[in-house]
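The numbers in the numbering used here rise by one with no breaks, and the one at position 57 of the sequence shown is 58.
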Amino acid sequence: MEESIDDLLEMLDADRSELAEDAQHALIALGSQVVEPLIAVVPRLGRFGQLCAIEVFNSLGDMRPAEVLVGLLTSEDTTVRSWSAEALGDLGARRAAPALRQAYEAWKMRAEPLGDSEAGCLRWALTQLGARERVLPPRVAELQTGGEGPGSFWRADDLVEVINELAEHQQAVLGFLIWRTRRDGGLSWVSGPDLDWEVDRALPWARTVAECRDWALLAAGEFTGEMDLAAMIDWIDSSDT
Numbered sequence: 002m003e004e005s006i007d008d009l010l011e012m013l014d015a016d017r018s019e020l021a022e023d024a025q026h027a028l029i030a031l032g033s034q035v036v037e038p039l040i041a042v043v044p045r046l047g048r049f050g051q052l053c054a055i056e057v058f059n060s061l062g063d064m065r066p067a068e069v070l071v072g073l074l075t076s077e078d079t080t081v082r083s084w085s086a087e088a089l090g091d092l093g094a095r096r097a098a099p100a101l102r103q104a105y106e107a108w109k110m111r112a113e114p115l116g117d118s119e120a121g122c123l124r125w126a127l128t129q130l131g132a133r134e135r136v137l138p139p140r141v142a143e144l145q146t147g148g149e150g151p152g153s154f155w156r157a158d159d160l161v162e163v164i165n166e167l168a169e170h171q172q173a174v175l176g177f178l179i180w181r182t183r184r185d186g187g188l189s190w191v192s193g194p195d196l197d198w199e200v201d202r203a204l205p206w207a208r209t210v211a212e213c214r215d216w217a218l219l220a221a222g223e224f225t226g227e228m229d230l231a232a233m234i235d236w237i238d239s240s241d242t
């Protein structure tokens, strides 16, 4: 016998993650009729259940969960906060911009590392919603491929030039992710660089930019000359700190 929507919602909090994921996929298959019931139960779900709920909302592309996603921006769990921010950006929920800005200010107050993944998700969502202006030097814009906006890519063979150009415009490169271009034009995940670097908040901004440039150039050397690789680059302006 097939489970009802109520049964599937209850399964999102199952002790076994595979059961919760099965419920998630079943809810997605049922479509928009599950959105309102799911919104109602999200606040009482556990961490994994809430992550599954966010995945359902993302897949259905419905704007109705925006308010409950905003509520999750204050969750005690960093992954729940990060995924909620990304979902709001994906949904294009412009009315969530003030809450995302508030969440970013709260992140600043916690003095987390600048390359922290939650901060990256919040900056991405704010940029996606037009609430943060990403500094994009002309030459960097000229070299980008695969569309515009915070999800754009650059050829790995152009990484060195892009990193240097960003530093010239006082942008600190926090890292990058590497993808391989498939024959069908899509992208497949490859890796990040083997090197990680952290930013000392006490340093003057010019020195921060220089140190990030040096680390990024060292990491980029691993991928230059690879014509079928693309990089998604994460960088910040002094105003982001």
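Just so it is clear, CB atoms sit at the ideal spot from N, CA and C, and this is done for glycine as well.
For the beta strand (DSSP E) that residue i lies in, which residues bound it at each end?
i	result
Gly176	173–182
Met110	Met110 -> not in any beta strand (DSSP E); alpha helix (DSSP H) instead, spanning 98–110.
Asp23	Counting along the chain, Asp23 falls outside any beta strand (DSSP E), though it belongs to the alpha helix (DSSP H) covering 18–31.
Please go through the same chain and pick out, in chain order, the residues whose beta-carbon is closer than 6 angstroms to the beta-carbon of residue i, but skip the five residues on each side of it.
i	result
Met233	Phe154, Leu178
Ala203	none
Ser192	Ile179
Asp14	Leu46, Gly47, Gly50
Val42	Leu10
Pro138	Glu166, His170
Leu70	Ser85, Ala88, Leu89
Restricting to Cα atoms, I'd like to know which of the options is closest to residue i.
i	options	result
Cys213	Leu196, Glu223, Leu204, Val200	Val200
Gln6	Gly226, Arg183, Gln129, Ala54	The amino acid at residue 6 is misidentified as Gln; the sequence shows Ile. If we check each option's Cα against that of Ile6, Ala54 comes out closest.
Glu169	Ala97, Ala207, Val57	Ala207
Leu130	Ala157, Leu73, Val43, Glu87	Glu87
Asp241	Pro99, Leu74, Ala231, Leu127	Leu127
Gly187	Thr209, Val210, Thr146	Thr146
Ala94	Asp235, Arg65, Glu19, Ala104	Arg65
Thr225	Asp8, Asn59, Ser76, Glu162	Glu162
Leu196	Gly222, Leu92, Phe58	Gly222
Ser239	Ile29, Val136, Ala67, Asp16	Val136
Gly72	Asp63, Leu89, Glu56, Val57	Leu89
Ala67	His26, Asp78, Ala211, Asp91	Asp91
Pro38	Gln103, Asp8, Ala211	Asp8
Trp198	Ser189, Arg140, Ala220	Ala220
Met228	Glu77, Asp159, Asp185, Leu28	Asp159
Pro44	Asp23, Leu74, Gln25	Leu74
Val210	Trp190, Pro194, Ala27, Asp235	Asp235
Phe58	Arg17, Leu28, Pro205	Leu28
Glu1	Gln103, Arg17, Ala30	The structure shown does not extend to residue 1, since the chain spans only 2 to 242, so no value can be given for it.
Ile40	Arg140, Asp63, Arg156	Asp63
Skipping 5 residues on each side, what residues in its chain have a beta carbon closer than 8 angstroms to that of residue i?
i	result
Ile237	Leu115, Arg124, Gln172, Ala173, Leu175
Ala98	Leu127, Leu130, Gly131, Ala132
Tyr105	Ala120, Leu123, Arg124, Leu127
Leu20	Met12
If I follow the unbroken alpha helix (DSSP H) through residue i, where does it start and stop?
i	result
Trp216	206–221
Ser118	118–129
Val141	139–144
Asp7	6–12
Arg82	79–92
Gln51	48–61
Would you list the residues sitting across from residue i in a DSSP beta bridge?
i	result
Ala232	Trp155, Ile179
Ser189	Arg181
Ile237	Ala173
Indicate whether at least one CB of chain C lies closer than 8 angstroms to the CB of residue i.
i	result
Ala120	Absent from the structure is chain C; it holds one protein chain and no more.
Since residue i and residue j should fall inside the 8 angstroms C-beta cutoff, what is the C-beta to C-beta distance between them, to a whole number of angstroms?
i	j	result
Ser83	Ser118	6 angstroms
Val81	Leu61	About 18 angstroms; that fails the 8 angstroms criterion.
Ala120	Trp108	5 angstroms
Leu230	Arg181	6 angstroms
Ala217	Ile164	5 angstroms
Glu56	Gln25	6 angstroms
Within the same chain, show all residues whose beta-carbon is closer than 7 angstroms to that of residue i, passing over the 5 residues directly before and after it, in chain order.
i	result
Met2	Residue confidence is low: Met2 scores 36 on pLDDT, short of 50, so the model does not pin down where it sits. No coordinate-derived value is stated.
Leu52	Thr80, Val81, Trp84
Glu134	none
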